[in-house]
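Written below as structure tokens is the structure these notes are about.
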Amino acid sequence: MIEIKNLKLHQYTINTTIKENQNVGIYSRQDQLLKELLLIVAGINPSKNCFYYQKPLFDDETYFKERIYMDCEKEYINTLKANRIEEVLALKYHKVFHQEQFKKYVKDLRIRCEGTYQDEYKFTKVGNQLVNLCFGLCIFSLRLFYHPFSFLQDRKQYEYLKNEMRINRGNILALESLQKYQGVLDTLIILSNQQVYEFHDLNTRLLVVKGLIDSEFVIDDLELKNILLFKSIHQDAFIIRDELTKEKRKKLHQMKAEILSIPVLKLEEYL
Amino acid sequence: MKKYSVCIYFGMTLLLMFLVDILLKEEASYSLYILSLTTGVFSFLIGQMYSLKDHRLGFGKTRRQLEKEFIVHLGMVILFSIVSIALNYLFIFCIYRVFAPQIRMIIFTYLLALYLGMLGLLVQNVNIKYGIFIFIGGVMILVGTFFIPNRVICDVILAFFIVLFYILNKILFRKIQLRG
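Quick mapping for you: the protein sequence lines, in order, are chains A and B.
Taken in order, the first sequence gives residues 29 to 299; the numbers are from the working numbering.
Taken in order, the second sequence gives residues 87 to 266; the numbers are from the working numbering.
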């Protein structure tokens, strides 16, 4: 169990608990921030506010044995030979790797087709990401993946991996987008413009308020800041939690605002 | 990064070798040994600093473990350097009594290059196999210098060997790399 207590990161104060065998997604529009947070949770970047079973997890040997961190956009592996991967992992990192499972993934996801034949055999970006994910999923530990599906466009591929994540639970995912992760997350943590929101029920609805002349003024006037998630960049709209009082809703209607109710995982469409 | 740094190191070794050719007319200057040692240790330190941010932290090695490994490797490099310098010193001392100045110069230059090469490879890969390869090559070159009097040909041969060892290593010791 990972506990984050009063972690101050940029403008945010983060308090959360990540239980064993949970699939947790963390989303922010700032990639750098997301990475920083994941590195802190991985115990690589220093912090005194993160704990693994009540012990500070920064550089903690026990925690490091129990978890793996991977930036899925980076290259870690340049072979698909499962026995070699197993050998190196056991020798260098004392980690248990499921060879047969990896072979199955390679076959099912047709990873061998995701390579470029030049002077040396290299994986494409998609191939590399698939290898990273398959590799990670074959290690029995808590997995922290940064941008797991960022290059994956084939629905079959990421649906397959999502299914595997549902089976092999215990994944903390720093999400590059939200829509691809439908059905895999138990908890979603959103680092919004100002605050951190945690959603345990992903059917939670949010409200998109559109069509206002001066949304900034309306947010201040109706005191919506404490339920505000994001202000849209392109459209003059903003997204809030579905916690509007009757009066506020009425006022917004009077201002001829259009209010849409959307599921939390669709909020990106309105950003 | 690794590939580039190996190339840079080879380049630097060759450059130093030529510098030695120019600077060192006949007598061996031991300050160059110190220079090469410093260069080697610095490259090693930089390499290690770089690697502290690498994937190993993500895969389960803690910073403390990496630092311990770093100290062990540093000790290895220093030991290797001391042994190398001692051997070179002994060798040069011996050959000073036997060979003509011109040949001494060539031998010394190659010993220096050999030493730098070994150190460089150790630094980059922390792998003794590379050192052995370069050592065998160095010995071959050393033997070659007795038969090839032309300086340029010697240099070309040395460069050739360095490339050959790199390729050989790729072929013979090709193992899975969990990249860093």
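C-beta atoms are modelled at their ideal positions from N, C-alpha and C, and glycine is treated no differently.
The structure displayed is predicted, hence computed values, not measured ones.
Check                                                                                                                                                                           : Outcome
State the DSSP-derived secondary structure class of A/E286, mapped to helix, strand or coil.                                                                                    : strand
Return no unless some Cβ of chain B is closer than 8 Å to the Cβ of A/D87.                                                                                                      : yes
Considering only the beta carbon of each residue, do A/A70 and A/Y104 sit closer than 8 Å?                                                                                      : no
Please tell me whether A/Q50 and A/D214 are closer than 8 Å, where the distance is taken between their beta carbons.                                                            : yes
What residue does the beta strand (DSSP E) around A/N34 start on, and which one ends it?                                                                                        : 30-37
Would you report the Cα separation of B/K111 and A/K109, rounded to the nearest angstrom?                                                                                       : Per-residue confidence for B/K111 stands at a pLDDT of 49, beneath the threshold of 50, marking its modelled position as unreliable; the derived number appears in the next sentence. Using only the alpha carbons, I get a separation of about 54 Å.
Nearest by alpha-carbon distance to A/L234: which of A/N73, A/S289, A/K190, A/M283 is it?                                                                                       : A/S289
Expressed to the nearest angstrom, what Euclidean distance is found between the alpha-carbon atoms of A/P176 and A/L206?                                                        : 11 Å
Going by Cα to Cα distance, which pick from A/R269, A/G211, A/I261 is closest to A/E251?                                                                                        : A/R269
Look up A/I72 in the DSSP assignment and say whether it is helix, strand or coil.                                                                                               : coil
Is there contact here, the region 58-78 of chain A with the region 176-185 of chain A, by at least three beta-carbon pairs under 8 Å?                                           : no
Buried or exposed: which applies to A/V237, given that a residue is buried once 16 or more other Cβ atoms fall within 10 Å of its Cβ?                                           : buried
Are the C-beta of A/F227 and some C-beta of chain B separated by less than 8 Å?                                                                                                 : no
Provide the residue span of the alpha helix (DSSP H) that contains A/E192, from first to last.                                                                                  : 183-195
Under 8 Å, Cβ to Cβ, is there at least one residue of chain A near B/K147?                                                                                                      : yes
Let me check one thing: in DSSP terms, what residues is A/Y225 bridge-paired to?                                                                                                : A/I218
Using only alpha-carbon positions, find the residue among A/D99, A/C100, A/I68 that is nearest to A/D87.                                                                        : A/I68
Could you name the residues of the region 91-107 of chain A whose beta carbon sits closer than 7 Å to any beta carbon of chain B, in the order they occur along the chain?      : F92, K93, I96, Y97, M98, E103, Y104, I105, N106, T107
Does any heavy atom of the ligand MN sit closer than 7 Å to the C-beta of A/K208?                                                                                               : The ligand MN is absent from the structure shown, which contains no ligands of any kind.
Is the shortest distance between the beta-carbon of A/Y81 and the beta-carbons of chain B less than 8 Å?                                                                        : no
State whether the region 52-62 of chain A contacts the region 190-202 of chain A, with contact taken as three or more CB pairs (one from each stretch) at a distance under 8 Å. : yes
Listing by chain order, which chain B residues have their CB less than 9 Å from the CB of A/K123?                                                                               : F145, G146
Tell me which residues of the region 61-73 of chain A have at least one Cβ-Cβ distance to chain B shorter than 7 Å, keeping chain order.                                        : A70, I72
Write down the C-beta distance between A/G143 and A/K150 rounded to the nearest angstrom, noting that I regard them as a contact closer than 8 Å.                               : 6 Å
Thinking just about the alpha-carbon of each residue, which of A/E226, A/K278, A/L219, A/D136 is nearest to the one in A/Q185?                                                  : A/D136
Based on the DSSP secondary-structure assignment, which residues constitute the bridge partners of A/V52?                                                                       : A/I200, A/T215
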